[in-house]
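The listed protein sequences derive, respectively, from chains A and B. Quick note on numbering: the working numbering labels position 59 of the first sequence as 99, and the sequence is numbered without any gaps. Quick note on numbering: the working numbering labels position 28 of the second sequence as 368, and the sequence is numbered without any gaps.
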Amino acid sequence: MPSAEREMIATYGSSQNDCHYCQHTHGATAAEHFGGNYEPIDQLKRDYASAPVSDKLKALLGIAGKVQQGGKYVTTEDVERARAKGATDKEIHDTVLIAAAFCMFNRYVDGLATWQPHDAAMYREIGKRLASSGYTVPGWEKPVQKAQGQ
Amino acid sequence: MPHIDLPEGIPGILGPMAFSPQTAEPLNELADVLLRSPNSLTQGEREMMATYVSSQNDCFFCQTVHGAAAAYYLGGKETLIDELKRDFESAPVSDKLKALLAIAGKVQKGGKQVTADDVERARKLGATGKEIHDTVLIAAAFCMFNRYVDGLATWAPRDPQRYRESGKRTADEGYIHSTDHLPKVAS
Numbered sequence: 041m042p043s044a045e046r047e048m049i050a051t052y053g054s055s056q057n058d059c060h061y062c063q064h065t066h067g068a069t070a071a072e073h074f075g076g077n078y079e080p081i082d083q084l085k086r087d088y089a090s091a092p093v094s095d096k097l098k099a100l101l102g103i104a105g106k107v108q109q110g111g112k113y114v115t116t117e118d119v120e121r122a123r124a125k126g127a128t129d130k131e132i133h134d135t136v137l138i139a140a141a142f143c144m145f146n147r148y149v150d151g152l153a154t155w156q157p158h159d160a161a162m163y164r165e166i167g168k169r170l171a172s173s174g175y176t177v178p179g180w181e182k183p184v185q186k187a188q189g190q
Numbered sequence: 341m342p343h344i345d346l347p348e349g350i351p352g353i354l355g356p357m358a359f360s361p362q363t364a365e366p367l368n369e370l371a372d373v374l375l376r377s378p379n380s381l382t383q384g385e386r387e388m389m390a391t392y393v394s395s396q397n398d399c400f401f402c403q404t405v406h407g408a409a410a411a412y413y414l415g416g417k418e419t420l421i422d423e424l425k426r427d428f429e430s431a432p433v434s435d436k437l438k439a440l441l442a443i444a445g446k447v448q449k450g451g452k453q454v455t456a457d458d459v460e461r462a463r464k465l466g467a468t469g470k471e472i473h474d475t476v477l478i479a480a481a482f483c484m485f486n487r488y489v490d491g492l493a494t495w496a497p498r499d500p501q502r503y504r505e506s507g508k509r510t511a512d513e514g515y516i517h518s519t520d521h522l523p524k525v526a527s
């Protein structure tokens, strides 16, 4: 699964968990993987079934949505649907773990009531940086400054 | 029946970890730093938080394996762990831990469920910023682990003795090498 698709799973899970910071940073990262096109990401959050993504990704997002509610909500039908669209065991595994991980990240961010600005330009900068350099390079603690080359 | 082809007979989270060693490594490091690194909250207290959240998430494997670790730290008090899961407010644990478990319970429902009053209660009973941070992150992490274990429909044994043994092993040896013995799955 390309990074863009995995970021979309992260964004979708975070929007289902209603976490502002997470859905906008990961949404921006996903959009930047698409050359800065935010429209598919907005559609994804609104209604992924009609978003311009593959049927396989839609089936995996269906699994991710179930994981967000709880692990036991994932049914064999959900998994069969993804397999019918070509999903491998690894892709199903990774979808479940990404969705589960974002249930952690979202609770961490909101559980401490962190400061989450409503600033589209800031999220764009963070998205560009995450899409190009990832999560572990130095500067992670000052994402906006790092993105701006400071 | 697991949703993907996992090696047979490997319990709970260990099956997916054998399947995906690349993700198992940071997950085990996270568990170890959260639950066993030096902390003003004891290892027993932190395992109790993990157990409580896992029981709220109705994850049999996680609540049993972490409950066993917690019981081991407490000198074998399995009934205390049962009481904790049933009603932590009346369990024989410190008031500060009760206040932190209340925060953990809120995090389990959703981050935004944690209120200033929940935090104030914990602070009044002596909880530090770090202890509150760690409680939130432990609770959040177990919302991940529980979903990983149940989301793939992993198998869990039912024999309590197996869990007693793994509880002791985990307490003594930690999480980082907990998967060294697993078969390497061909990718």
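Glycine included, every Cβ here is placed at the ideal spot set by N, Cα and C. Just so you know, these numbers come straight off a predicted model, no measurement behind them.
Determine the extent of the alpha helix (DSSP H) in which M388 of chain B is found, giving its start and end residues.
Its alpha helix (DSSP H) spans residues 383–396.
So, helix, strand or coil for E181 of chain A, using DSSP?
Coil, per DSSP.
Comparing C-alpha positions only, which one of B:D398, B:S380, B:R504, B:I516 sits nearest to T475 of chain B?
Per the Cα distances, B:S380.
Whose Cβ in chain A lies nearer than 9 Å to the Cβ of S537 of chain B?
Since the first residue of chain B shown is 341 and the last is 527, residue 537 of chain B is not available in this structure.
Roughly how many angstroms separate the alpha carbons of K168 of chain A and A44 of chain A, rounded to a whole number?
Looking at the two C-alpha atoms, the distance is approximately 12 Å.
List, in chain order, every chain E residue whose beta-carbon is nearer than 9 Å to that of D372 of chain B.
Looking at the structure shown, chain E is missing, and the protein chains on hand are A and B.
Please look up how many angstroms separate the CB atoms of K446 of chain B and Q453 of chain B, rounded, as I've assumed it's under 8 Å.
The Cβ separation is near 4 Å, so the contact holds.
What residues in the region 49–74 of chain A have a beta carbon less than 9 Å from any beta carbon of chain B?
So the list reads N57, D58, C59, given in the order they occur along the chain.
Where do the N-terminal and C-terminal ends of the alpha helix (DSSP H) with D118 of chain A fall, by residue?
D118 of chain A -> alpha helix (DSSP H) spans 116–124.
Classify R498 of chain B as helix, strand or coil using the three-state DSSP reduction.
If DSSP states are grouped into helix, strand and coil, R498 of chain B belongs with coil.
Quick one: any contact between the region 107–127 of chain A and the region 79–89 of chain A, if contact means 3 or more CB pairs under 8 Å?
Judged by Cβ distances under 8 Å, the region 107–127 of chain A makes no contact with the region 79–89 of chain A, as fewer than three pairs qualify.
Would you mind telling me which residues of chain B sit closer than 7 Å to K85 of chain A, beta carbon to beta carbon, in chain order?
Here the premise fails: no neighbours, minimum Cβ distance about 18 Å.
Taking only beta-carbon atoms, is H406 of chain B less than 8 Å away from chain A?
For H406 of chain B, the answer is no, since every Cβ of chain A falls outside 8 Å of its Cβ.
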